[in-house]
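With the sequence shown counted from 1, adding 55 to any position gets you this note's numbering.
Glycine included, C-beta positions come from ideal geometry on N, C-alpha and C.
Please read all numbers here as calculations on a predicted model, not as lab measurements.
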Amino acid sequence: MEFASDRPRWRQVHEVIVERIRAGEYPPRSRVPSTVGLMGEFGIANVTAQKVLRQLRADGLIYTESGMGSFVSEAPTAG
């Protein structure tokens, strides 16, 4: 992925994941990439990947089950 220099990388990755959720690529209750998965796919640092997942949770788009991973919420709320 080519990153724009005028916006933080975490925001750009966040936008990609949000779009995938909206498009149904990650349907409700499906697992989203882990921090390691995001790091590998987008070439970002662990801290950046954690920030992406933290913001997706804050947006109400995903939830995390301890020891299981992060999953798309039943009815994602971000608009």
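### 7 Å Cβ cutoff met for Arg-66 and Phe-58
No, they are not a contact pair.
### Query
Which residues mark the beginning and the end of the alpha helix (DSSP H) in which Ile-76 is found?
Here the alpha helix (DSSP H) through Ile-76 covers 64–78.
#### Entry: Distance between His-69 and Ser-121 (C-alpha atoms, nearest Å)
If you take the alpha carbons of Ser-121 and His-69, they lie about 21 Å apart.
#### Entry: Under 7 Å between C-beta atoms of Arg-77 and Phe-126
Result no, Cβ atoms of Arg-77 and Phe-126 do not sit closer than 7 Å.
### Message
With H, G and I counted as helix, E and B as strand and the rest as coil, what does DSSP make of Gly-95?
### Response
The answer is helix: DSSP assigns Gly-95 an H, G or I state.
### Where Arg-84 falls: helix, strand or coil (DSSP)
Looking at Arg-84 - three-state DSSP - the assignment turns out to be coil, as it is neither helix nor strand.
### Query
Where Val-102 and Val-91 are concerned, what is the direct C-alpha to C-alpha distance, given to the nearest angstrom?
One alpha carbon belongs to Val-102, the other to Val-91, and they sit about 11 Å apart.
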